[in-house]
Structure formats: structure tokens, C-alpha cells
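Asker: Below is the structure I would like to discuss, written out as C-alpha cells.
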Amino acid sequence: MEVKFVLNRSEIVLNVRPDEYLAETLRGQGILSVRVGCDESNCGSCTVLIDGKPSMSCSVLTAQVEGKHVTTVEDIQKEANLIADFFGDEGADQCGFCLVGFALVVHALSLEYENPTDEEIKNYLVGNLCRCSGYNSQMLAVKRYLAEVKKHAKK
Amino acid sequence: MRAKNFYRASSLDDAYRKLLESPKNSIIAGGLWIKKLGQSYDTLIDLSLLGLDQIVDSGPFIKVGSMVSLRSFETSPLIKHICGGIASTAAGEIMGVNFRNLATIGGSIFGRYPFSDVITALLTLDVTLEFYPEQKMSLEEYLNYRGKVQGILTSIDIKKEEGTCFYKKVKTTALDFPLVNIAVSLRNNHHYIAVGSRPMIASLAKQAMKDADLGKDSKQVAKQAISEYLFADSISIGKDYRREIAEVYVRRGLEEVSK
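So the protein lines, in turn, are chains A and B. The opening position of the first sequence corresponds to residue 428 in this note's numbering, with each subsequent residue numbered one higher. The opening position of the second sequence corresponds to residue 0 in this note's numbering, with each subsequent residue numbered one higher.
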């Protein structure tokens with residue numbers, strides 16, 4: 428079936444199976460940053476933004492994003508680099524497999540909340556699992572990123 | 000999961016006709032549970048063009064469209080204002096934000112899943128479900144309804160009431176299904192007690208609710224409540240443990256709501 432949606436700001440029309448999940452479609456388009464970690468709606472590695480909202484691409488059919496805006500990490504390079512730097516600085520990033528999902532979720536968090544509390548940050552990130560590093564260091568990195576975003580917003 | 004067709008319904012009538020065409024057709028809602036089940040379908044029917052994703056204040060009720068995502072439901076100020084925001088709290092504890100942006104409130108209710116989650120909390124509120132073709136029933140009636148309702152859930156109407164509430168989802172990890180969940184509310188001078196994921200679907204403890212209204216001691220009420228429920232074993236937890244933690248949280252809930 429034909430599905431038309433906006434992928435990273437450009438409209439695309441694709442022919443997909445009715446039961447094809449978005450992660451598979453995106454990877455088929457060469458967007459290998461979308462990683463299917465668990466395929467169980469659990470780990471968050473496959474997160475993309477659908478109309479700006481973090482969503483697990485392994486669990487949404489491509490047919491369901493008809494007419495919507497899909498954003499992958501390729502479209503938020505600047506933000507993702509900064510987030511990756513802070514994650515690296517804080518030792519929150521070892522193998523990097525989960526980082527793409529984290530970058531998109533942290534970016535969405537920074538747009539949705541002006542001054543999130545620790546609890547709100549945790550609640551927002553709970554759907555993204557990391558198996559090698561500690562969540563404390565991630566928390567520090569996220570806070571540094573949010574502070575940086577805020578500093579630039581003020582200017 | 001396998002599906003031969005994906006059908007975007009242009010109206011509720013259109014969706015309903017399609018649904019009746021084959022027992023292997025299904026409404027997809029958010030699609031999360033359909034993925035988990037991994038069954039085969041002829042046609043998945045999508046309701047996303049029908050404007051069912053709105054939360055509207057309609058006087059005595061807040062009308063929640065069945066395609067509202069759990070995340071929109073959780074963050075809606077209208078829902079947060081009902082009885083201490085118990086439904087909002089319950090929705091907010093389901094998986095992560097990237098899951099809740101996809102899963103819908105309608106799917107969470109229509110499936111009558113044993114883990115209950117948001118159903119447990121909603122049972123302690125005054126909730127009416129609207130179906131297409133025209134049919135209305137309370138959430139409790141729906142849970143007790145034998146067989147499958149032949150209709151499409153369109154709206155969840157929650158009565159605007161002030162009150163106090165308590166909700167506890169007992170779980171081993173942040174993203175797990177609940178081992179048991181407990182909701183207690185106090186509105187209009189009446190107590191409501193619901194326990195779900197026992198591992199059966201949530202229900203109200205009617206006699207215990209009456210006892211609580213009469214002002215009986217919360218320890219006794221909690222004992223009574225637990226005696227009204229069947230608990231069973233599951234892989235992660237035994238029925239005795241389930242019963243014991245449920246009793247403790249019902250008691251704490253009763254104390255919390257009458258503070």
C-alpha cells in the first residue's frame with residue numbers, strides 16, 4: 428500500500444506492506460540510526476519523533492504515520508551532537524547503542540518542558556533503557572544539556 | 000503480527016461495516032497490544048481520521064475520545080482535575096513516554112486486559128463508555144459484560160467530581176506489568192476500592208466500600224475488601240503475596256483518602 432509522510436522535512440511516498448512497522452521501513456530507506464533493540468515496545472532504542480512526540484518505531488505501523496512528520500536523529504544533528512558530548516563527558520555513554528533514542532527523547536523533553544524536575548526527567552526517560560552505563564551519569568548529562576539549551580534560548 | 004490490509008475508515012459507520020465483514024478484521028487503535036499478541040488479521044481498521052483524539056469539557060462530564068493517546072490523557076489538565084487526578088496518575092505509570100504517545104485510552108479499556116492499569120483507577124470514578132452503534136454503559140457494566148461488545152468504543156465520559164484518591168501500581172521494574180494495582184477514592188462522601196491485576200481484571204470491593212462509608216476502621220475494611228477478591232498465582236508472584244500487599248495498600252489508601 429502507498430503511504431505518504433514527511434521524513435526529516437521532505438515528503439516521501441513509499442510502497443509498504445500493510446503490516447510493516449515504521450522501524451523496518453526507515454531502515455529500508457537507509458536510516459540505520461533507527462535501532463531495533465528489543466522489538467517488544469520496551470527498550471526505546473528505536474524511538475523517532477512523530478509530529479514531535481517520541482514514539483517507538485518498532486511498534487507503530489508505517490501506515491499509521493500517513494500525513495505525519497517523522498523525525499529521526501539525522502534531522503537534529505546539532506542537538507544530538509551536543510547531547511552526545513555531554514553523555515561522553517559524564518561517562519554516561521559506553522557502547523552508544525541506546526544513544527540515538529536518548530538523543531531524540533532528551534530533545535523532545537527540552538521542547539516540552541521548560542524547567543523539568545528530576546522526577547519529570549526520570550519519568551520522561553524511563554522508556555529508554557541502557558545496559559552499560561549508570562542512570563545517574565545520564566541524569567547529569569541531561570541536566571547539563573537542558574541548561575545549555577536554556578542559556579541559548581535566553582540569548 | 001500479520002495483516003493483509005490496512006483500512007483508513009472515513010466514518011464510524013464505515014469502520015463498523017468493515018469490522019462486521021470478517022471475524023478476522025479488527026480495530027487497531029494504537030496497535031501496541033495487537034503487536035504483542037502477534038496474531039493474523041485480514042484487515043486492520045484505523046480510526047485516526049475520525050477526530051476521536053479530543054478531550055472535551057462537556058459540562059458534568061469530561062468526554063475523552065477513544066483515540067486519545069495515554070500521554071495526552073495523562074497530561075490533560077481536565078483529567079488531572081478529576082478526583083485528585085487518579086486517572087492521570089495511573090496512565091502515567093504505564094511504560095515510557097515513547098510508548099504512551101502511541102497507546103490509546105480506548106485500546107487500554109476496550110481490551111479489558113487483566114493488568115487493568117488505568118481501568119483500576121477509572122473504576123473508582125463515575126465513568127460511562129459510549130459505543131458505535133449507539134450504546135452506552137458504565138465501565139463496570141462493560142467489565143462484567145459477557146462476550147465481546149459488538150461495537151466501536153468512541154468515547155469515555157468521566158464525571159467531573161472533586162475528591163481524594165490513592166493509586167498504587169506494585170511492580171518489580173519501572174517498565175513491568177503490575178503485580179497488582181490498587182485504587183481508592185473518596186468522592187461525594189462515598190468510598191471506592193478497586194484492585195486489579197490479581198492477575199484478573201479489576202473490580203470493586205462493594206461490601207468493603209459500604210463498610211468504609213459507615214466509618215469502620217481502615218484495617219477491618221481492608222480485610223473485608225481482600226476477602227471479596229480472588230487472587231491467583233502467576234509466574235512472577237504467588238497469590239498469597241499478592242493478597243498481602245493488596246491488603247496493605249488498600250489500608251494505606253483508605254487512610255490517605257480520608258486525611
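Don't be surprised by glycine CBs; every beta carbon is placed ideally from N, CA and C.
From what residue to what residue does the alpha helix (DSSP H) around B/D13 run?
Answerer: From DSSP, the alpha helix (DSSP H) with B/D13 extends over L11 to E20.
Asker: Who are the neighbours of A/T498 on chain B, taking C-beta pairs under 8 Å?
Answerer: Those do not exist, as A/T498 stays about 13 Å from chain B at its closest Cβ, beyond 8 Å.
Asker: Between A/D502 and chain C, is the shortest Cβ-Cβ distance under 8 Å, so that the two count as touching?
Answerer: Absence of chain C from the displayed structure is noted, the protein chains being A and B.
Asker: Cβ closer than 7 Å: which chain B residues qualify as neighbours of A/K570?
Answerer: The contacting residues do not exist; A/K570 stays about 18 Å from chain B at best.
Asker: How is the beta strand (DSSP E) around A/L453 delimited, first residue to last?
Answerer: Where A/L453 is concerned, there is no enclosing beta strand (DSSP E), although the alpha helix (DSSP H) it sits in stretches over L449 to G455.
Asker: Counting only beta-carbon atoms, is A/G561 nearer than 8 Å to chain B?
Answerer: So, not an interface residue.
Asker: Relative to the C-alpha of A/Q456, which candidate in A/G494, A/V440, A/C465 and A/C470 has its C-alpha closest?
Answerer: Selected option, being the one with the closest Cα: A/V440.
Asker: If we define contact as Cβ-Cβ less than 8 Å, is A/A507 a contact residue for chain B?
Answerer: Chain B, which has no Cβ nearer than 8 Å to the Cβ of A/A507, makes this no.
Asker: I think A/Q521 touches A/C559, with their Cβ atoms under 8 Å apart; what is that distance to the nearest whole Å?
Answerer: The pair is a contact, with the Cβ atoms about 4 Å apart (cut-off 8 Å).
Asker: Contact criterion: CB-CB distance below 8 Å. Does B/L185 meet it with respect to chain A?
Answerer: Not closer than 8 Å to any Cβ of chain A, the Cβ of B/L185 fails to qualify, so no.
Asker: With DSSP run on the structure shown, which of helix, strand or coil describes B/Y105?
Answerer: As written in the sequence, residue 105 of chain B is Gly, which differs from the Tyr given in the question. Three-state result, B/G105: helix.
Asker: Against A/G554, what residues of chain B qualify as contacts under a CB-to-CB distance less than 9 Å, listed in chain order?
Answerer: M94, G95, V96, N97, F98, R99, A173 and L174, listed in chain order.
Asker: Give the single residue among A/C473, A/N469 and A/L509 whose Cα lies nearest to the Cα of A/R572.
Answerer: What sits at residue 572 of chain A in the sequence shown is Tyr, not Arg. Comparing Cα-Cα distances from A/Y572 to each of A/C473, A/N469 and A/L509, the minimum goes to A/L509.
Asker: Please go through the stretch 176-246 of chain B and give each complete alpha helix (DSSP H) segment of 4 or more residues, from N-terminal end onward.
Answerer: As far as the stretch 176-246 of chain B is concerned, its whole alpha helix (DSSP H) runs of at least 4 residues are 205-212 and 217-226.
Asker: According to a CB-to-CB cut-off of less than 7 Å, which residues of the stretch 10-34 of chain B neighbour chain A?
Answerer: Cβ contacts with chain A come from G30, L31 and K34.
Asker: Could you tell me whether the Cβ atoms of A/N435 and A/D502 are closer together than 8 Å?
Answerer: Yes.
Asker: Which value, in whole angstroms, describes the spacing of the CA atoms of A/E459 and A/T452?
Answerer: It is Leu, not Glu, that sits at residue 459 of chain A in the sequence shown. So the two alpha carbons sit approximately 10 Å from each other.
Asker: Does the Cβ-Cβ distance between B/F176 and B/F130 come in under 8 Å?
Answerer: No, these two residues do not count as a Cβ contact at 8 Å.
Asker: Distance cutoff 8 Å, beta carbons only. Does A/V487 sit that close to anything in chain B?
Answerer: Interface residue, yes.
Asker: I'd like to confirm the pairing. Which residues does DSSP put opposite B/H80 in its beta bridges?
Answerer: BP columns for B/H80 are empty, so no partner.
Asker: Of all the CB atoms in chain A, is at least one closer than 8 Å to the CB of B/S87?
Answerer: Judged by the 8 Å Cβ criterion, B/S87 is not in contact with chain A.
Asker: At a CB-CB cut-off below 8 Å, which residues of chain B make contact with A/D545?
Answerer: Ordered by position in chain B, no residue passes the 8 Å Cβ test against A/D545, which lies about 15 Å from the chain.
Asker: Report yes or no: do the stretch 91-100 of chain B and the stretch 119-129 of chain B share at least 3 C-beta pairs separated by less than 8 Å?
Answerer: Touching, no.
Asker: Does B/N143 pass the burial test, meaning 16 or more other C-beta atoms within 10 Å, or should it be called exposed?
Answerer: Exposed, since its Cβ has fewer than 16 Cβ neighbours within 10 Å.
Asker: Applying the 10 Å Cβ sphere with the 16-neighbour rule, what's the burial state of B/I234?
Answerer: Exposed is the call here.
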